[in-house]
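Chemist: Protein chains in written order, with the numbering used here: chain A, 19 to 605; chain B, 15 to 710. Every residue gets a Cβ at the ideal spot worked out from N, C-alpha and C, and that includes glycine. First the structure, which I've put down as structure tokens, then a few questions once you've had a look.
Now the structure itself:
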């Protein structure tokens, strides 16, 4: 009976999910005056950000690039190298593109370094590329910091590293700020050794000069590709192709009196045929990139981030949010002091706009619950006001649940701090806040932080600020980060300094307030690497998805190889090293 | 129907040819109960003609000179296969079975020669370079066959010999009262004589090797001051190609009509004309569209042409099928004898292969002139593997996909099937597509619809070009040289856009693993993601927007928005601001894309980025001379360390019977020579590399 079959077809349902879809409701009226003014404010902020990023992407600028390219044939810019290295359709999760913005007397776009994650030969890799058009690629303090941060992300996520090297090494005028300390230049090589020891591949492509400290970049790598001089083999012909030496000709002459040219001292042909410092000789930048792609292809099954490392039973269909991410710009109040329902943000970040809230009626100033982002289950902790004791207890409870269950945590931060005052103190807010801070610090799952509003005071700690090692920390353009609000700060200063209210003091505190306000901006933060970059609000869901996927792959890789690297590594690395081996020595 | 009396015992023929001609002959032979012996080169072991024949023998390696042109090998096969009477091959005639249509003559390469030689006629065609060597070889081949006691299906050696020299043949023709193009055919070849002859012939004039053909060594001179230089150059080329530097001079007709008359002569001195064809649509001196009868000629003129053709055949005691070709000056209506060459064709309902076999068997012609019918109108289009947009350079490669027309009535003569290789060793003709209608208009309509349905993927083909010719209003008015059609049309931006989107979607598909790193392909957070694709000399930039794409061609500043999706591997659907396009795109041969869009086919060559490209090519492109097509190296003129000037010939290749000079791209010093004489090279192979430019 055909009609029976037809009826069966019509009423056939897909298998019921355990929990029926339940999208969050929204109160957003996109055409309201409020939404419109919110939108205008956010668009202005994003527009300003886009302009700054576009400028930073130019590195040293078109003129410098042109002059630099004219010095050799087929030279690619740093960005062209990165793009060529990436798989054609790979996303590129660039990190801290506005690093060093307005920090140094001279501009240092991107801190002279491009870092980011993308796929190379199907494998997610951390790419670190010197931009020689920015002060010759010299390492300023923030360059070092950006480089170390990229390595930290690579270590946590077990990402093979590809270094595209062209740098004169440390920026000598800043030597005291880049050379001696724990997190200075030496740490780069320490990290390379450590990662190699943990089986995380380190690959260098030497496109240009790699001198002094910089010479250890290739020398510490598992695999090194070097670009040979592009001209015929003549002394000093093309000084801009790959060469590696501990000291250049002038220093050699000064030190030993020996007179030698750069090509002889450290050219690609010498290093690949005589010294063995480099492994493969490339005839051009493009050829070198091709060889690097081949090297990644040859990383083998034991290396992390294999293309198929996350086993999916079947391709899961990812539901887009019912309320599109693009509406986020209308959600956030133009006036930062105005509060709003953080669920409006959650609804524009999670799959299907779904959110299964936990302890909804308790400690209402923090929102906790489960959702999926790009198919990954997450526990979300989001602020809905100042943190009170019950809120801190609720968050602590929830964080412990997620840690126990292996569910990554996502913090959506808009926090002015923990509650102050007699009532709060008597209620033990310090103790309850500490519980939350301890839970955040000790959670055994990957954490992701997005500052969507303010991140003030101890709220920064409880909501997984930079010091709590989230896998990634992103800021929205409107975000603020400060020990306290500029008004409170200047008024506190006024009080504790005990100065009388006179006009002079008034203006001093006004200046202080202005300065603090400037220091609280997302731009100020991102310039100093307090975060991994400012994102457009509508990209929140996608960058979280990419980060969650990396974490899932790292976990799969760790389970497969029994390695200790990754999220657990911080706790498991002993005082004098870690459980890894020696790594690969260059022979 | 003609009764075929192949000599007493034997009814077995050896067909010293390949491809569509061999297939055609086998079909008629089979119908007549004649068994067939095919020969093939190692490269052709899987070809259709080998499978169709009753017996087939391998006669050597791919190169024609070592197989199809190896007379000793062929003779030994003829004898050992027991083709008692005659082993010999074949006809070049295409014919009609039931439909009437013009089937053309020649298709293949050097082999043609043989076959042709062997069989009937008279080689020398203006449409097949291979024939160049014919005149020198055929008479001896025909003679040898006769000496061995076998029958050569074709004109007698003596006839071939007397036509072997253009000069001699012109003399014979003039004597027989056949008009010839004004020219100089004298034996005196000194520069002074030639120069004064040139001024009396008049300008423009054509210098032609006496013993050559097919375009090689030919020079057109439009200014007498260039004459001496050109004649010396033509002589150099002639002696290299034909072993003889004799040239003749002819008036060059700028926009001639090529009309040829099919004649048939038996061994009893009878000869009939099977009417005429028009072959005016040519490129590179090879015809690509033929039609019969020639349109626009009065009955008197047709009869006059037929009589002249018969007179020409009789003048050389011709036997078998042959073609007399006339060049008509469109303005004066004069016609001149040009040359006889064997072709195939008919609007007469005659199976020319059958006639050929019959006459070789010693029969009389089955009809007298008055009985030869001429019914309706027929077109033949020749499908070549070539790149019309690249000056019709031959192409080669595997036929990945072929689809013959399904609805339009037509006849297809082909030696290929899907999966076969169009080899660079032989003529790149894939097929002859023949249609027959009650009049020219109907036949032309059939030609258009048949071409529109014909799909070939693999090597590039001239199908699109043929479509353009068939659709051109001037062509509907009458066949002429259509110079403007020979200019490649610029590729429409939306075709380029579709190609780029197709590549991009496939790149996305290639990402494995699922998850956001696949789903968020191309994304640059806070930056505009874009991909640039190069097709030949065009550049397409695709910017990836949150929804859809922006497409810009050649940095024009004009941005076209589109969304795109792949329905399956080859079906692309794109939605543009004002239209929706659905096209089939089939990649082939590494970097080629065949796009079938709205009844048209476009072929694009994708130039991969330096990183994607082969590293050797990557590093040398700027300084490297590469092979434009699969070819054989016939000469290397430089060695490492040599100084060369821009445009100096460094290497000579041969492919599909064409010689290609590879020239230095700039002044410089030779760094590496990667090939040697005789080597077979692929398309894109680096032949010679210059050292880096020292001034850089």
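Pick from A:311, A:370 and A:168: whose alpha carbon is nearest that of residue 336 (chain A)?
Modeler: Here the question's residue 336 (chain A) lines up with position 318 in the first chain. Looking at the Cα atoms, A:370 is the closest of the given residues.
Chemist: Just to make sure I have the definition right: I need the residues of chain B whose C-beta is within less than 7 Å of the C-beta of residue 336 (chain A). Which are they?
Modeler: If you number the first chain from 1, residue 336 (chain A) lands on position 318. The contacting residues are 533.
Chemist: Could you give the uninterrupted runs of the alpha helix (DSSP H) lying entirely in the segment 287-370 of chain A, keeping only those of 4 residues or more?
Modeler: Whole alpha helix (DSSP H) segments, 4+ residues: 303-315, 346-349 and 361-364.
Chemist: Beta-carbon of residue 109 (chain A) versus every beta-carbon of chain B: anything under 8 Å?
Modeler: By 1-based counting over the first chain, the position of residue 109 (chain A) is 91. Cβ-Cβ to chain B under 8 Å: yes for residue 109 (chain A).
Chemist: Would DSSP call residue 513 (chain A) helix, strand or coil?
Modeler: For this step, residue 513 (chain A) is matched to residue 495 along the first chain. DSSP places residue 513 (chain A) in helix when its eight states are reduced to three.
Chemist: Between residue 405 (chain A) and residue 436 (chain A), is the Cβ-Cβ spacing less than 8 Å?
Modeler: Here residue 405 (chain A) corresponds to residue number 387 of the first chain, with the count starting at 1. Here residue 436 (chain A) corresponds to residue number 418 of the first chain, with the count starting at 1. In contact: residue 405 (chain A) and residue 436 (chain A) (Cβ atoms closer than 8 Å).
Chemist: The alpha helix (DSSP H) spanning residue 479 (chain A) covers which residue range?
Modeler: Taking the first chain and counting its residues from 1, one reaches residue 479 (chain A) at position 461. Element bounds for residue 479 (chain A): 475-480.
Chemist: Is the beta carbon of residue 363 (chain A) less than 8 Å from the beta carbon of residue 470 (chain A)?
Modeler: Walking along the first chain from the start, residue 363 (chain A) turns up at place 345. Walking along the first chain from the start, residue 470 (chain A) turns up at place 452. Yes. Within cutoff.
Chemist: Going along the chain, which residues of its own chain have a beta-carbon closer than 6 Å to the beta-carbon of residue 292 (chain B), five neighbours each way excluded?
Modeler: Within the second chain, the letter at position 278 stands for residue 292 (chain B). Only 273, 305, 308 and 493 meet the Cβ criterion.
Chemist: Scan the segment 132-160 of chain A for residues whose Cβ lies nearer than 8 Å to a Cβ of chain B and list them as they occur along the chain.
Modeler: Within the segment 132-160 of chain A, the residues whose Cβ lies closer than 8 Å to some Cβ of chain B are 137, 140 and 142, listed in chain order.
Chemist: DSSP on residue 373 (chain A), reduced to helix/strand/coil?
Modeler: Numbered from 1 along the first chain, position 355 holds the residue referred to as residue 373 (chain A). Coil.
Chemist: Please work out which residues of its chain come closer than 6 Å, Cβ to Cβ, to residue 681 (chain B), disregarding the five sequence neighbours upstream and downstream, and give them in chain order.
Modeler: Along the second chain, read from residue 1 onward, the residue named residue 681 (chain B) stands at position 667. Closer than 6 Å at Cβ, skipping near neighbours: 659 and 660.
Chemist: Closer than 8 Å, CB to CB, is residue 226 (chain A) near chain B or not?
Modeler: As a working mapping, residue 226 (chain A) is identified with position 208 in the first chain. Cβ-Cβ to chain B under 8 Å: no for residue 226 (chain A).
Chemist: Between which residues of its own chain and residue 95 (chain B) is the CB-CB distance below 8 Å, once the five residues before and five after are set aside?
Modeler: Stepping through the second chain from its first residue, residue 95 (chain B) is reached at position 81. Contacts found: 26, 28, 51, 69, 71 and 101.
Chemist: Assuming contact is defined by CB atoms lying nearer than 8 Å, are residue 651 (chain A) and residue 445 (chain A) in contact in what I supplied?
Modeler: No answer is possible for residue 651 (chain A): it lies beyond the span of chain A, which begins at 19 and ends at 605.
Chemist: Would you kindly work out how many angstroms separate the C-alpha atoms of residue 404 (chain B) and residue 330 (chain B), rounded to a whole number?
Modeler: For this step, residue 404 (chain B) is matched to residue 390 along the second chain. For this step, residue 330 (chain B) is matched to residue 316 along the second chain. So the alpha carbons of these two residues sit roughly 41 Å apart.
Chemist: Can you tell me whether residue 266 (chain B) is helix, strand or coil according to DSSP?
Modeler: Residue numbering aside, residue 266 (chain B) sits at position 252 when the second chain is read from its first letter. The answer is coil: DSSP assigns residue 266 (chain B) none of H, G, I, E or B.
Chemist: Use the C-beta contact count for residue 399 (chain B): other C-beta atoms within 10 angstroms, 16 or more gives buried, fewer gives exposed.
Modeler: Position 385 of the second chain holds residue 399 (chain B). Buried, by the Cβ-count rule.
Chemist: Give a yes or no on whether 8 Å exceeds the smallest Cβ distance from residue 541 (chain B) to chain A.
Modeler: Start at 1 with the first residue of the second chain, and residue 541 (chain B) comes out as number 527. Taking Cβ atoms only, chain A reaches closer than 8 Å to residue 541 (chain B), which makes this a yes.
Chemist: Starting from residue 536 (chain B), find everything on chain A with Cβ-Cβ shorter than 7 Å and list it in chain order.
Modeler: For the purposes of this step, residue 536 (chain B) is identified with residue 522 of the second chain, where counting begins at 1. 107 and 109, listed in chain order.
Chemist: Please classify residue 234 (chain A): does DSSP put it in a helix, a strand, or coil?
Modeler: As a first step, residue 234 (chain A) must be located in the first chain, where it is residue number 216. Residue 234 (chain A) falls in the helix class under three-state DSSP.
Chemist: Mind checking who residue 425 (chain B) pairs with in its DSSP beta bridge?
Modeler: Mapped onto the second chain, residue 425 (chain B) falls at position 411. B:448.
Chemist: Three or more beta-carbon pairs under 8 Å between the segment 645-659 of chain B and the segment 532-542 of chain B, yes or no?
Modeler: Touching, no, given that fewer than three Cβ pairs across the two stretches are closer than 8 Å.
Chemist: Check the Cβ of residue 512 (chain B) against every Cβ in chain A and list those closer than 9 Å, keeping chain order.
Modeler: Sequence index remark: in the second chain, residue 512 (chain B) carries index 498 (1-based). What residue 512 (chain B) touches in chain A: nothing, since even the nearest Cβ is about 18 Å away.
Chemist: Counting contacts by CB-CB distance shorter than 8 Å, is residue 63 (chain A) in contact with chain B?
Modeler: Here residue 63 (chain A) refers to the residue found at position 45 of the first chain. No, residue 63 (chain A) lies away from the interface with chain B (no Cβ there is under 8 Å from its Cβ).
Chemist: Hey, out of A:225, A:230, A:229 and A:110, whose CA is closest to residue 242 (chain A)'s CA?
Modeler: Position 224 of the first chain, counted from the first residue, corresponds to residue 242 (chain A). If we check each option's Cα against that of residue 242 (chain A), A:225 comes out closest.
Chemist: From residue 367 (chain B) to residue 450 (chain B), what distance separates their C-alpha atoms?
Modeler: For the purposes of this step, residue 367 (chain B) is taken as the residue at position 353 of the second chain. For the purposes of this step, residue 450 (chain B) is taken as the residue at position 436 of the second chain. If you take the alpha carbons of residue 367 (chain B) and residue 450 (chain B), they lie about 19 Å apart.
Chemist: Starting from the C-beta of residue 634 (chain B), find all residues in its chain whose C-beta is less than 7 Å away, skip the five residues before and the five after it, and write them out in chain order.
Modeler: The residue labelled residue 634 (chain B) in the question sits at position 620 within the second chain. Only weak support exists for where residue 634 (chain B) lies, its pLDDT of 37 falling under 50; the coordinates are left without a value.
Chemist: At a Cβ threshold of 8 Å, is residue 24 (chain A) touching chain B?
Modeler: Residue mapping note: residue 24 (chain A) aligns to position 6 of the first chain, counting from 1. Residue confidence for residue 24 (chain A) is low, a pLDDT of 49 falling below 50, so the modelled location carries little weight and cannot support an answer.
Chemist: Shorter than 8 Å from the beta carbon of residue 583 (chain A) to some beta carbon of chain B?
Modeler: As a first step, residue 583 (chain A) must be located in the first chain, where it is residue number 565. With a pLDDT of 45 at residue 583 (chain A), under the threshold of 50, the predicted position of this residue should be treated as unreliable, though the coordinate-derived value follows. Cβ-Cβ to chain B under 8 Å: no for residue 583 (chain A).
Chemist: Determine, using beta carbons only, whether residue 75 (chain A) and residue 47 (chain A) come nearer to each other than 8 Å.
Modeler: Counting from 1 along the first chain, the entry for residue 75 (chain A) is found at position 57. Counting from 1 along the first chain, the entry for residue 47 (chain A) is found at position 29. Taking 8 Å as the Cβ cut-off, residue 75 (chain A) and residue 47 (chain A) do not qualify as a contacting pair.
Chemist: Chain E partners of residue 340 (chain A), CB-CB under 8 Å?
Modeler: Looking at the structure shown, chain E is missing, and the protein chains on hand are A and B.
Chemist: Locate the alpha helix (DSSP H) running through residue 563 (chain B), then write down its first and last residues.
Modeler: By one-based count along the second chain, residue 563 (chain B) stands at place 549. Per DSSP, residue 563 (chain B) belongs to no alpha helix (DSSP H); it is in the beta strand (DSSP E), 563-567.
Chemist: Which class does residue 95 (chain A) belong to by DSSP, given the choice of helix, strand or coil?
Modeler: Position 77 of the first chain, counted from the first residue, corresponds to residue 95 (chain A). Coil at residue 95 (chain A), not helix or strand.
Chemist: Are the C-beta atoms of residue 369 (chain A) and some chain B residue less than 8 Å apart?
Modeler: Here residue 369 (chain A) corresponds to residue number 351 of the first chain, with the count starting at 1. Not an interface residue.
Chemist: Taking residue 687 (chain B) as the query, report the chain A residues whose CB atoms sit under 9 Å from its CB, ordered along the chain.
Modeler: Translated into the one-based positions of the second chain, residue 687 (chain B) becomes position 673. Residues of chain A passing the Cβ test: none, with the nearest at roughly 17 Å.
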